[in-house]
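Residue 303 is where the sequence shown starts when you use this note's numbering, and the numbers rise one by one after that. Notes to accompany the following structure.
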Amino acid sequence: MLRRIAHIVAVLAPSFFSAFGAIAQAPFALKEIASGVYAHQGETSLMNRENFGGIANLGAVAGDDCVAVIDTGGSLEQGKAFLAALRAKTQKPICYVINTHAHPDHVFGNGAFVGAGVVFAGHKNLPRALSLRGEHYLAAFRQIMGDALDGTTIVAPTLTIADSTAIDLGGRRIVLQAWRTAHSEADLTALDEKTGTLFAGDLLFLQHVPVVDGSLLGFLDVADRLADIKATRVVPGHGPMVAPWPKALEDERAYLTRLTADLRAAIRKGESVKEAARTAGEEERPKWKLFEDYNARNATAGFAELEWEGP
Ligand SMILES: [Zn+2]
């Protein structure tokens with residue numbers, strides 16, 4: 303009987319047993335979503351030991367000469383798995399690693415790609431964001447992820463983008479666009495001109511509730527301006543990885559608009575930030591995953607921002 307129970311538990315919850323020893327990563331799926339464009343869909347979850355921080359969508363674009371990688375994953379180990387999967391698709395050298403912003407799920411895998419001839423690129427604010435928060439991120443996620451974070455380091459960009467620039471992969475240009483403070487203070491998008499594939503980073507969330515770590519009003523404004531980008535498909539930072547464009551922005555805009563309206567109403571009524579954080583955006587709850595993990599935090603940050611608008 304005991305053996306049977308152990309067997310059932312082992313089948314249902316392998317991670318239960320892995321807690322006693324080394325854990326293994328799930329196979330890394332990398333799909334060619336357009337000619338020479340590869341993407342990996344992260345799990346819609348928080349970063350933990352079992353998923354090796356693998357919650358963000360990652361991508362790569364191969365030109366005639368070399369490859370650009372877009373975000374690297376939530377740990378050195380995930381970055382290595384990404385690199386191995388990429389190597390199975392193309393042997394061309396990697397010339398750029400583009401980070402869409404400073405959050406751990408997008409940059410913790412950078413170390414796997416360090417090498418001769420690899421240029422790390424990001425928003426002009428990215429080096430500062432990483433130097434202010436990088437060590438804190440490492441320490442905080444070490445508590446949660448333990449040995450799954452072994453070897454993970456912070457690698458800052460040397461090519462920084464203030465406005466817009468194009469990088470050439472050989473017969474193929476990637477347009478990098480830096481945005482005003484929105485989801486974060488260092489948001490960068492990457493557009494593959496050849497296929498019209500836009501890597502939006504966390505300026506676009508699908509299914510995973512949007513996270514506001516920069517400016518609620520800025521996020522709304524940038525979401526509007528993103529819609530003008532001439533793309534045919536988009537890879538969001540989180541959620542289903544190939545979405546129609548610009549329709550993919552609709553849910554996110556609805557969430558940010560609702561949250562802003564609710565917060566403004568709460569401020570007008572003289573509610574405290576605590577009260578507002580309990581109710582603002584609540585109507586959107588059924589539409590999103592991880593709502594419980596982020597909505598109150600988004601509301602709190604938005605409240606502080608909107609409070610200064612006055613009546
Ligand atoms: Zn993210």
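For glycine and all other residues, C-beta sits at the position ideal for the given N, C-alpha and C. Small disclaimer: the values here were computed from a predicted structure and weren't measured.
Please state whether the Cβ-Cβ distance between A358 and H540 is less than 8 Å.
Sequence index remark: in the sequence shown, residue 358 carries index 56 (1-based). Sequence index remark: in the sequence shown, residue 540 carries index 238 (1-based). Contact: yes.
Start-end ranges of the beta strand (DSSP E) lying completely within the region 440 to 528, minimum 3 residues
461 to 463, 466 to 470, 475 to 480, 490 to 494, 499 to 507
Starting from the N-terminal side, write out each stretch of the alpha helix (DSSP H) that is 4 residues or longer and does not extend beyond the region 546 to 574.
Taken in chain order, the complete alpha helix (DSSP H) segments of 4 or more residues contained in the region 546 to 574 are 552 to 570.
Say yes only if the C-beta of H425 is nearer than 7 Å to one or more non-hydrogen atoms of ligand 1, and no if none qualify.
Indexing the sequence shown from 1 puts residue 425 at position 123. Annotation for H425 indicates a beta carbon at 7 Å or more from all heavy atoms of ligand 1.
Less than 7 Å between the CB of G539 and some heavy atom of ligand 1, yes or no?
For the purposes of this step, residue 539 is taken as residue 237 along the sequence shown, with counting starting at 1. Answer for G539: yes, Cβ within range of ligand 1.
For L551, which residues in the same chain have their Cβ closer than 8 Å to its Cβ, ignoring the five residues on either side in sequence?
In the sequence shown, residue 551 corresponds to position 249, counting from 1. Answer for L551: L506, A525, L528, A529, listed in chain order.
Straight-line CA distance for N600 to V513?
Locating residue 600 in the sequence shown gives position 298, counting from the first residue. Locating residue 513 in the sequence shown gives position 211, counting from the first residue. The alpha-carbon atoms of N600 and V513 are separated by roughly 6 Å.
Straight-line Cα distance separating Q380 from A423
Here residue 423 refers to the residue found at position 121 of the sequence shown. Here residue 380 refers to the residue found at position 78 of the sequence shown. Computed Cα separation, rounded: 19 Å.
Helix, strand or coil for P406 per DSSP?
Position 104 of the sequence shown, counted from the start, is the residue given in the question as residue 406. Reduced to three states, the DSSP call for P406 is helix.
C-alpha gap between F410 and P329, whole angstroms
Position 108 of the sequence shown, counted from the first residue, corresponds to residue 410. Position 27 of the sequence shown, counted from the first residue, corresponds to residue 329. So the alpha carbons of these two residues sit roughly 18 Å apart.
Beta-carbon proximity check, G413 vs L388, cutoff 8 Å
Residue 413 sits at position 111 when you count from the first residue of the sequence shown. Residue 388 sits at position 86 when you count from the first residue of the sequence shown. Going by C-beta atoms, G413 is not nearer than 8 Å to L388.
Check this for me: beta carbons of L360 and D373, under 8 Å apart or not?
Position 58 of the sequence shown, counted from the first residue, corresponds to residue 360. Position 71 of the sequence shown, counted from the first residue, corresponds to residue 373. Yes.
Distance cut-off 7 Å: D626 Cβ against heavy atoms of ligand 1
Residue coverage of the chain in this structure runs from 303 to 613, which leaves residue 626 outside it and unanswerable.
Closest to K391 by CA distance: which of C368, P542, A488 is it?
One-based indexing of the sequence shown puts residue 391 at position 89. Among C368, P542, A488, the Cα nearest to that of K391 is on C368.
Roughly how far, in whole angstroms, is the beta-carbon of D489 from the beta-carbon of H403, given that I think they are within contact range, below 8 Å?
As a first step, residue 489 must be located in the sequence shown, where it is residue number 187. As a first step, residue 403 must be located in the sequence shown, where it is residue number 101. Between H403 and D489 the Cβ distance is about 5 Å, and since that is below 8 Å, they are a contact.
In terms of DSSP beta bridges, what is K576 paired with?
Position 274 of the sequence shown holds residue 576. Beta-bridge pairing links K576 to no other residue.
Beta carbon of I608, beta carbon of L565: below 8 Å?
Sequence index remark: in the sequence shown, residue 608 carries index 306 (1-based). Sequence index remark: in the sequence shown, residue 565 carries index 263 (1-based). A small fix is needed here, since residue 608 is Leu in this sequence, not Ile. Their beta carbons are under 8 Å apart, which means L608 touches L565 by this criterion.
With DSSP as the reference, label G539 as helix, strand or coil.
As a position in the sequence shown, residue 539 is number 237, starting the count at 1. Strand, per DSSP.
Locate the alpha helix (DSSP H) running through E334, then write down its first and last residues.
Residue mapping note: residue 334 aligns to position 32 of the sequence shown, counting from 1. Element bounds for E334: not the alpha helix (DSSP H) but the beta strand (DSSP E), 333 to 336.
If you measure from the CB of A431, is any heavy atom of ligand 1 nearer than 7 Å?
Sequence index remark: in the sequence shown, residue 431 carries index 129 (1-based). No, the beta carbon of A431 sits no closer than 7 Å to any heavy atom of ligand 1.
Which of the three DSSP states, helix, strand or coil, is assigned to G604?
For the purposes of this step, residue 604 is identified with residue 302 of the sequence shown, where counting begins at 1. Three-state result, G604: helix.
Contiguous alpha helix (DSSP H) assignments of at least 4 residues, all confined to the region 364 to 411:
378 to 389, 406 to 409
Can you give the Cα-Cα distance for I396 and V371, rounded to whole angstroms?
Taking the first residue of the sequence shown as position 1, residue 396 is located at position 94. Taking the first residue of the sequence shown as position 1, residue 371 is located at position 69. Rounded to whole angstroms, I396 to V371 spans 7 Å at the Cα level.
When DSSP labels each residue in this structure, what does D595 get in the three-state scheme?
Looking up residue 595 in the sequence shown gives position 293. In this structure, D595 counts as helix in the three-state DSSP scheme.
Please name the residue or residues paired with A423 in a DSSP beta bridge.
Here residue 423 refers to the residue found at position 121 of the sequence shown. According to DSSP, which records beta bridges pairwise, A423 is partnered with I400, L461.
So what's L360 in DSSP terms, helix, strand or just coil?
Against the sequence shown, residue 360 aligns to sequence position 58. Strand.
Please name the residue, chosen from P406, G583, D515, that lies closest to L348 on a Cα-to-Cα basis.
The residue labelled residue 348 in the question sits at position 46 within the sequence shown. Comparing C-alpha distances from L348 to each of P406, G583, D515 shows the shortest one belongs to P406.
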